[in-house]
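Have a look at the structure below before the remarks.
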Amino acid sequence: MSKKILIIPSWYPNTDNEQVGTFFHEQAQLLNNNGFDIKILFGVEKELGFFEYLKTRLKQICNKDNAVNITYLKQDPQAYAFNIYHYKKWRVKRKLKKSKKSYQLAFNSITEHWQPKLIHGQCGANGGIYAHYLSENTNIPFVIIEHQTFILDYYHKKIQRGIRKAIENASKIGAVSHHQERCILMNNMNCNPDIIWNLMDENKFQIDTNKTNDKFTIATITNPLLIKDSETFFKSLEAFQKICKDDFEAIIIGNDAFNDISKANSSYFESLAKKYNVFDKCKFYPQVSRSEINIYLQRCHVFVSTSIAETYGVAIREAMLCGKPVIATKSGGVEDSITVEIGVLVNIKDAHAIAENLLKIKNKELIFVPEDIRNHIINQSGKDAFIKTMTDFYN
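Under full-length UniProt numbering, residues 1 to 395 are what the sequence shown spells out, in order.
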């Protein structure tokens, strides 16, 4: 009989944004098809003004509108969503208490005929906190895999305490890189994390040199958050333009629509491109499907990441599955996969080092074997490797 696992993600693909948390969905889907019985439970937290909150609560009471649904989240495996409404002026303590109770009610409704043997919180904030709460009330063991940049001071003190209690009481803790493990332990957490590299599905990304552009092409996937340091990317293009005699092209995939993909645009990146006089070299793609990412990656000659910190680096490894060499800053999680045989690591914010290595790759002073790059990632975190790692982690 398949082991029943309830996953509580901190974000998940939904009808408002199909791109957010896609790796959570892909991991759950693979496990559900390979020896596990997986279900997803996710509360959609919404903060309302006073009268809107009263109106919503009255509607809930009159219509008994507290049920979970399978229409909001991406399915396969079965994923249950439910709404959690907060009055926006409530204190964090009250909001957290309300959310915990809402998770318990939703849990009760989906476990009448299906009882998990393990609860898996994806990230301490706040999936791990809710997993811990449910575990305390049901005596079902729970585990946490931490994916986010682990800076406790970012959170309210009440959330900080919740994260610490969850991590220190979990049956097992996973970290998606050695950098992430170090960050967790630097916060004086009483735990011993296992390294659980994210799934990199080799079937979704392929080598196809026939689709590579004739013009030398650089690609990046980013967002406007400070931690991605997009400005250094455009600085590196400016520096490259000064030392490269031939024409080149840059593909920039990304936007700032973290909640609503319909609002996706490239205005932030376009302004940086103009600032550094490389706008005419750039093509911007604010909204790209998973399948389209594969196509754009195959067009490029090299992928560049300029992050200040990466807990893992999904986009970087997707490019590597396409056989593309990567120039990346020493941002943490990427360092587990990039060696001198398959890519280049440079210091954070070193735009000139990026430009110099772009020129070496263009001029074939640096040569990498696409199959070696791809196989390195498959051996580390491809489908078979991920299933084995998670089977051990869940046991």
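Cβ atoms here follow ideal geometry from the backbone N, Cα and C, with glycine treated the same way.
Between the C-alpha atoms of N188 and V176 there is a straight-line separation of about 18 angstroms.
Shortest Cα-Cα distance from E356 to any of K165, I243, E45 and I110 involves I243.
Boundaries for G174: no alpha helix (DSSP H) harbours it, while the beta strand (DSSP E) harbouring it runs K172 to A175, taken from the DSSP string.
One thing to note: G124 has its Cβ no nearer than 7 angstroms to the Cβ of I151.
In this structure, the alpha-carbon of K263 lies about 39 angstroms from that of K388.
The shortest C-alpha to C-alpha distance from F107 to any of S135, L96, K93 and R94 is the one to S135. Rounded to the nearest whole angstrom, the C-alpha separation of G382 and A319 is 14 angstroms. S2 counts as exposed, since fewer than 16 other beta carbons sit within 10 angstroms of its beta carbon. Counting C-beta pairs closer than 8 angstroms gives three or more between the segment 225-233 and the segment 290-308, which meets the contact rule. By the CB criterion at 7 angstroms, G121 and I144 fall inside the cutoff. Non-local beta-carbon contacts of A353 in its own chain, meaning distances under 7 angstroms to residues more than five positions away in sequence, involve V346 and N347 in chain order.
In this structure, K95 places its C-beta atom within 7 angstroms of the C-beta atom of H86. Cα atoms of A273 and G21: separation of roughly 28 angstroms, rounded to the nearest angstrom.
For K39, the beta-bridge partners assigned by DSSP are L6. For the options S171, P9 and I377, the alpha carbon positioned closest to that of W197 is the one of I377. Distance between L366 and K360, taken at the CA atoms: about 5 angstroms.
A residue is called buried once 16 or more other Cβ atoms fall within 10 Å of its Cβ, and V334 is buried on that count. By the neighbour-count definition (other C-beta atoms within 10 Å, threshold 16), Y12 is a buried residue. For the 7 angstroms CB-CB criterion, K46 and K117 do not form a contact.
With a cutoff of 7 angstroms on beta-carbon distance, A239 and A351 are scored as near each other.
Distances from the alpha-carbon of G35 to those of Q27, L41 and M186 put Q27 closest.
Judged by beta-carbon spacing, G323 lies beyond the 7 angstroms limit of P286, meaning their Cβ atoms are not closer than that value.
About 15 angstroms separates the beta carbons of Y72 and K39, which is beyond the 8 angstroms limit, so they are not a contact pair. Here R374 is not near I221, since their CB atoms are 7 angstroms or more apart. Inclusion of K211 and R299 in the CB contact set at 7 angstroms is warranted, their separation being smaller than that value. Residue range V314 to L321 is occupied by the alpha helix (DSSP H) that includes V314. Sequence-distant Cβ neighbours of Y276 in its own chain, meaning closer than 7 angstroms and more than five residues away, are F234, K235, L237 and E238. In the DSSP assignment, S135 falls within the alpha helix (DSSP H) that extends over I129 to T138. About 13 angstroms separates the beta carbon of V302 from that of Y296, a gap too long to meet the 8 angstroms contact definition.
Spatial neighbours of H179 in its own chain (CB-CB distance under 6 angstroms, excluding positions within 5 residues in sequence) are listed in chain order as G332 and G333. Bounds of any alpha helix (DSSP H) do not take in C244, whose DSSP letter is neither H nor E. The residue from I252, N265, S266 and K215 with its alpha-carbon nearest to that of D246 is K215. When the five nearest sequence neighbours on each side are left out, the beta carbons in the same chain lying within less than 8 angstroms of the beta carbon of E181 are those of A175, P193 and I195, in order along the chain. Residue ranges of uninterrupted alpha helix (DSSP H) with 4 or more members, entirely inside the segment 187-252 and ordered along the chain, are 230-243.
Within the segment 67-146, the complete alpha helix (DSSP H) segments at least 4 residues long are 92-110 and 129-138, listed from N- to C-terminus.
Here S109 is not near G43, since their CB atoms are 7 angstroms or more apart.
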